[in-house]
Structures are given as C-alpha cells and as structure tokens.
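Notes follow the structure.
Numbering (my numbering), first residue to last: 17 to 296.
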C-alpha cells in the first residue's frame, strides 16, 4: 500500500469552522491522474489539490474530473505547504494555467489573477433569465463571458432575492454558458454597495453543481465591473454559501482587490482543521 498524507483546510473562512473545506495532499511524488481522481472521489469535498515535495506544480480535482485552475485550491495549498508563514510572504506555484503567485498578509492568503478578458454573451438576456429560472427584468447590466483564468458567464441581477431564485438546469446551463475553455460555468450576483451576494454554478453532462467558494467567479465579477465602466482601484467583499439551498450550509467570504493598474487579486482567510493519511 502507498500512503498519501493530507490536510483539511477551510478556505474563505472568516471563522475556523466556516468557509469551504478543501483537501490538500502533500506527497513525496505526484500521483498519476487516475490515482488523484480516486483520492478526490474518496475525500468527497468540492475540490482536492495535490502538490509533491520539492515541486511547485499543483493539480486540482473535483470528485468527477480534473480542474484547470482554482483559486480556493491554491489558497488551501499555500496554507498546507507553508503553514508557518507569517507577516508578508510570497510563494509561486505552477498550474495548468501557468505560474501563479500567492501572497500572505497576516491571516489571509491572496492570489494574483490574470488580466480579465471579456466577450459578449451568445444569448439574449431574456434567454439567459429563462435558463436561470429568474425574470428577465431581474437582470441588470449586460451579461458577459469573463476570463481571469476560467471563462464564465457573469450575470448581475437586481437583488439578493433574485440570486436566491436562480435554479438552472443541466440542459439550460450547458447551452447558455458553453465555452471551449472549460465546463459551462455561470456566476449570478447582486450588489449592495461594495457588498456582493454570489451564487456560482457549473455543470457536466449529468448535473448542475453549486460552489461554496468561487474565487475565479469573484475575480470575474471584478473583470465584469471594469468592462462595464467601473474605475479602478476598488475592493469587494463577496459572500457565498448561505444562499445555497441545502439543509446545511455555511458562509464563505471572498475578498477582491483591484489596484490602479487594474490588476485583480482574490483573497481569503484559511484554517487547517485537521489531516491524516489515506492508504491505497
């Protein structure tokens, strides 16, 4: 049997037992892809990250497939691999999207995101509203595809109630959020000043998934805002999780900062809450 040590990290967690749980495996050598997928399925959390000793390459898996990039997985990996960093410390990691920098400031890790690229949505606001299960009058602004590492359909709606009502189905989400770069993904959000409520959906061929801590979605909201006329610099506090319609949920808090040069970074508090070893 081979032993695989892991850490359980709560990300975007203002308190220790809040946020989104992510598993990080820290191994001597990187497991092959089938083994990583088996381990990710076994752990059963939204995302599982893998990093080998003496290497900075990070691989991220959901329970069903490998992901090209994930902000929350990067924050969790930084916490697991550099738990004793204090003050101001920067670490570089490699992903399938290239190199990304993680910066620790106090209790919070920050990830620097790629420059936002946008393109128009392929469907009308009426079609998008129908597919999301909301009224067409709930959509404000122009829906756009935004890419800060993952390309996602970004849809601003009028109120938190509109966010709560969103209920996309597999067929509709796969059609309206189709992209050649990754699985169909959509962020539905509302704004009350610099306070934002977010729900984030993705889908494969079988079902829709809702994410508790969508760091790339948060970055893409900032990209949407700049494309829609928002001047930089600005900062956002994005809440996610309590709007997820499940029997049990908890809050993720995502912080976004955009500097005067329009660089986007996403941050959140991380807490290691446990760990152990899996044997296969």
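Idealized CB from N, CA, C, for every residue including glycine.
Closest residue to residue 128 among 242, 58 and 234 (Cα-Cα distance): 234
Sequence ranges, alpha helix (DSSP H) only - wholly within the region 154–217, length at least 4: 176–181 and 186–192
Go ahead and pull the three-state DSSP assignment for residue 304. Nothing in the structure corresponds to residue 304, since the chain is present only between 17 and 296.
List in chain order: all unbroken beta strand (DSSP E) runs of 3+ residues lying wholly within the region 223–254. 224–227
Would the region 112–124 and the region 135–152 be scored as touching if the rule is three or more Cβ pairs under 8 Å? no
Is the beta carbon of residue 125 closer than 8 Å to that of residue 290? no
Going by DSSP, name the residue or residues bridged to residue 65. 40 and 76
On the DSSP bridge assignment, give the partners of residue 127 in chain order. 118 and 282
Does the beta-carbon of residue 241 have 16 or more other beta-carbons within 10 angstroms, so that it is buried, or is it exposed? buried
Can you look up residue 135 in the DSSP assignment and give me helix, strand or coil? strand
Which residue or residues does DSSP assign as beta-bridge partners of residue 273? 251 and 281
Which first and last residues belong to the beta strand (DSSP E) in which residue 288 is found? 287–295
Could you give the DSSP three-state label for residue 97: helix, strand or coil? helix
Would you kindly work out how many angstroms separate the C-alpha atoms of residue 166 and residue 133, rounded to a whole number? 10 Å
Could you tell me which residues DSSP puts in a beta bridge with residue 8? Outside the shown range of the chain (17 to 296) lies residue 8, about which nothing can therefore be said.
Ordered along the chain, which non-local residues of its own chain (more than five positions away) have a Cβ less than 7 Å from that of residue 307? Any property of residue 307 remains undetermined from this structure, which presents the chain solely from 17 to 296.
Among 204, 250, 220 and 209, which one has its Cα closest to the Cα of residue 230? 204
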